[in-house]
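A.B. asks: Next up is a structure, given as C-alpha cells.
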Amino acid sequence: MSIPLEGKTILITGASSGIGAATARACIAAGMKCVITARREDRLKTLCTELGGSCSYIAGDVTEEGFNQHLLDESGEVYAIFANAGHGLDQKIVDNNMEQFKELFRLNVFSAVELASLATKEMVKRKSGHIILNASCLSKFSVPHNSAYCGSKAAVEAIAKSMRIELKKNKVFVSTVHPIGTKTEFFKESSSRSGTEFSDFEKNSPAWLMQSPEKVADAVVRCLRRPKPEVWTSLPMRLISTLFTAFPRASGVTVNKFS
C-alpha cells in the first residue's frame, strides 16, 4: 500500500544544504509541504524562495533548550519529521576533545531524539505519523578517527529500534536512513572542526562509496510512501555491513585502510 503524500507536512532539520536541502526539494516535488530548519537563515530563505509557497523556514539551533518544541508549535500538524541535522569529527581517540565529543552527541543524538519524542505525542493521538532519523551506514560498523560520529549514529539506530517497537501499535512509523559517503559539505566541515586539512575517510574512499544527496532524498520520499525500518542507498554497503556485523575481526582489518 502506498501512502499519499500530497498536502502532508514534513519537518526537516539540517536543511540548509546537502541531504536536508535535497530532501526538501524531493518532498515538495512529491506534493508535500515542508518546514525546514537550520542555523543558516540566509540559505533557508534562498531555498524557500526556490521551492515556493509550500515551503517555510524557522532558523535556529536544534540543540538549544526549547527550540524543538518551538519548531513543532510553529509548524502546525506535522505528518513526518526527518531528523537530519548532524556533523562529524575527524579525531584520533588519543587526541580526543571531550567538549567536541559532547557537542557532537548533543546534535547528532540528543536533539534528534528530543524532536522525535515531542513529535510523537501528537502523532500517537492521531494514530498517524512517520519519524525518520539519519543514522548513516556507520551505525553498523566503525572506522578509525571517527569514534564520536560512529558512536552517535549507532546510538541513533538503537534508539530508533526501540521507538519502532513502542509506536507500532499507534500506527506511527519509525525509519532510519543509512547513507554511504555523500557529496556535501559534511567532510569539509568535519575536517575544519577537527583542525585538519582534509578528511581521511573522504580521501581514502573509493568512488562507489560516494553518492549525491539527491539519491538519498529520493530514497527518503520512497520510504515516506512505503514505510520500512531501514533505508539504504547502496546494496553493496548493506551487504558489507551485514558481513561486518557477523565477522567483526574482518571489519577491523578491512577498515584499517581509512587510517
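Residue numbers for the sequence shown follow my numbering, beginning at 176 and rising by one.
Backbone N, C-alpha and C define an ideal beta-carbon position, used for all residues, glycine too.
1. Once DSSP output is grouped into helix, strand and coil, what is the label at Y324?
2. What residue from T238, A421, A392 and V396 has the CA that sits closest to V284's CA?
3. Would you mind reading off the limits of the beta strand (DSSP E) that contains H436?
4. Here's a check: name, in chain order, each residue in its chain whose Cβ is nearer than 6 Å to the Cβ of A199, leaving out the five neighbours to either side.
5. Going by DSSP in three states, F422 sits in which element: helix, strand or coil?
6. Leaving out the 5 sequence neighbours to the left and right, which residues in its chain are closer than 7 Å to F242 when beta-carbon positions are compared?
7. What number of angstroms, rounded off, separates the C-alpha of P319 from the C-alpha of K267?
8. Leaving aside the five residues before and after A147 along the sequence, list all residues of the same chain whose C-beta is less than 6 Å from its C-beta, in chain order.
9. Whole angstroms is fine: what's the gap from R215's alpha carbon to P411's?
10. Would V351 be called buried (16 or more neighbouring beta carbons within 10 Å of its own) or exposed?
11. Would you mind reading off the limits of the alpha helix (DSSP H) that contains F242?
12. Buried or exposed for F257, please, with buried defined as at least 16 other CB atoms from any protein chain shown within 10 angstroms of its CB.
13. Check each candidate in A392, K390, Q386 and H305 and name the one with the smallest Cα separation from P404.
14. Can you give me the Cβ contacts of T184 inside the same chain, cut-off strictly under 8 Å, excluding the 5 residues immediately before and after it?
15. Pull up the distance between the alpha-carbon of P388 and that of A201, whole angstroms please.
16. I'd like to confirm the pairing. Which residues does DSSP put opposite Q266 in its beta bridges?
17. Please report the straight-line C-alpha distance between A394 and V269, rounded to a whole angstrom.
18. Here's a check: name, in chain order, each residue in its chain whose Cβ is nearer than 8 Å to the Cβ of V299, leaving out the five neighbours to either side.
19. Sorted by chain position, which residues of the same chain lie with C-beta nearer than 6 Å to S317's C-beta, five sequence neighbours on each side aside?
20. Given R400, which residues of its chain have a CB within under 7 Å of its CB, disregarding the five upstream and five downstream residues?
C.D. replies: From the atom records:
1. helix
2. T238
3. In the structure as shown, the chain begins at 176 and stops at 434. Residue 436 is therefore absent and cannot be evaluated.
4. I187, A190, C209 and I211
5. coil
6. G235 and D236
7. 7 Å
8. Because the chain spans 176 through 434 in this model, residue 147 falls outside it and cannot be assessed.
9. 35 Å
10. Just to set this straight, residue 351 is Thr in the shown sequence, not Val. That one is buried.
11. F242 to S250
12. buried
13. H305
14. M207, K208, C209, V210, S250, G251, E252, V253, Y254 and A255
15. 11 Å
16. N321
17. 37 Å
18. L342, N345 and V347
19. C325
20. S177, I178 and L180
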